[in-house]
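Each number in my numbering comes from the position in the sequence shown (counting from 1) with 20 added on.
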Amino acid sequence: MREGGLVAPDVDSAATRFLEMAEHELHRSYRFAGLMLGDAQEAEDATQDALLRAWRSASSLRDPAGFQAWFDRILINVCRDRLRRRGLVRFIPVDDAGSFPAVGDPFRNLVQRDEILRAMAALDDDHRLVLVLHYWADLTLEDVAERVGWPIGTVKSRLHRGLATMRTRLDRGPASEVRR
């Protein structure tokens with residue numbers, strides 16, 4: 021067993037070390053899953069599934085300093101699996117999606133926030149994943165590519181197309197959706 025890594029000389033200290041690292045990531049991971057899945061209960065279940073998968077494969081973590089990236093990869097795969105099984109896109113509940121800075125008219129901000137979340141929820145899974153990782157999780161494009169396992173060019177392309185799709189949806193606004 022590795023000293024100084026996740027795997028410690030005894031099971032209790034390995035479990036303690038794992039729990040400490042996982043606890044540090046829980047809130048961020050839950051919010052990420054909520055943005056990807058659009059449902060608080062499903063986000064909680066996905067986060068728990070990811071923790072279980074991570075624990076089962078803890079021996080594959082080579083460097084504890086890379087725990088966040090390693091765990092993100094597991095969580096991304098869990099969310100993708102759930103989205104594939106579900107086969108549809110749900111709207112992201114406004115209450116579960118985090119917060120945007122409040123500036124200006126609070127009602128207008130709430131409407132804009134809701135429009136942004138709905139536009140994001142309407143994206144396909146891959147475009148939404150890249151946008152969430154880059155803008156919400158504040159990862160560099162290189163880090164996004166590493167976590168999702170895609171070439172950097174693919175990440176850039178999906179980011180660009182996702183933003184363009186959102187811009188089009190936001191420019192139309194809710195009024196154009198009502199007129200249809």
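Even for Gly, the Cβ is constructed at its ideal location relative to N, Cα and C. Note that the structure is predicted; figures quoted are calculated from it, not measured.
Buried or exposed (CB count within 10 angstroms, at least 16 for buried), residue i
| i | result |
| --- | --- |
| Glu40 | exposed |
| Ala53 | buried |
| Gly182 | buried |
| Ala122 | Note on Ala122: pLDDT 44, under 50, position unreliable in the model; the coordinate value appears next. Exposed, since its Cβ has fewer than 16 Cβ neighbours within 10 Å. |
| Ser80 | exposed |
| Val168 | buried |
Nearest to residue i (by Cα), restricted to the options the options
| i | options | result |
| --- | --- | --- |
| Asp144 | Thr185, Glu166, Ala157 and Gly86 | Thr185 |
| Leu46 | Ala78, Phe91, Ser80 and Ser79 | Phe91 |
| Arg73 | Glu62, Asp83, Ser177 and Leu95 | Leu95 |
| Asp83 | Asp158, Arg37, Asp146 and Thr188 | Arg37 |
| Arg93 | Val164, Tyr50, Val131 and Arg105 | Val164 |
| Glu43 | Gln61, Glu62 and Gln68 | Gln68 |
Cutoff 6 angstroms; reference residue i; Cβ partners in own chain excluding five residues on either side
| i | result |
| --- | --- |
| Phe87 | Met41 |
Beta-carbon proximity list for residue i, same chain, < 8 angstroms, skipping 5 on both sides
| i | result |
| --- | --- |
| Leu161 | His154, Ile172, Val175, Lys176 and Leu179 |
Contacting residues, own chain, Cβ-Cβ under 7 angstroms from residue i (five flanking each side not counted)
| i | result |
| --- | --- |
| Trp75 | Phe38 |
Inset, instruction - Check whether the stretch 92-103 touches the stretch 55-69, taking contact to mean three or more Cβ pairs, one atom from each stretch, closer than 8 angstroms. - result: yes
Inset, instruction - Entirely within the stretch 155-184 and at least 4 residues each: give me those alpha helix (DSSP H) ranges in chain order. - result: 161-168
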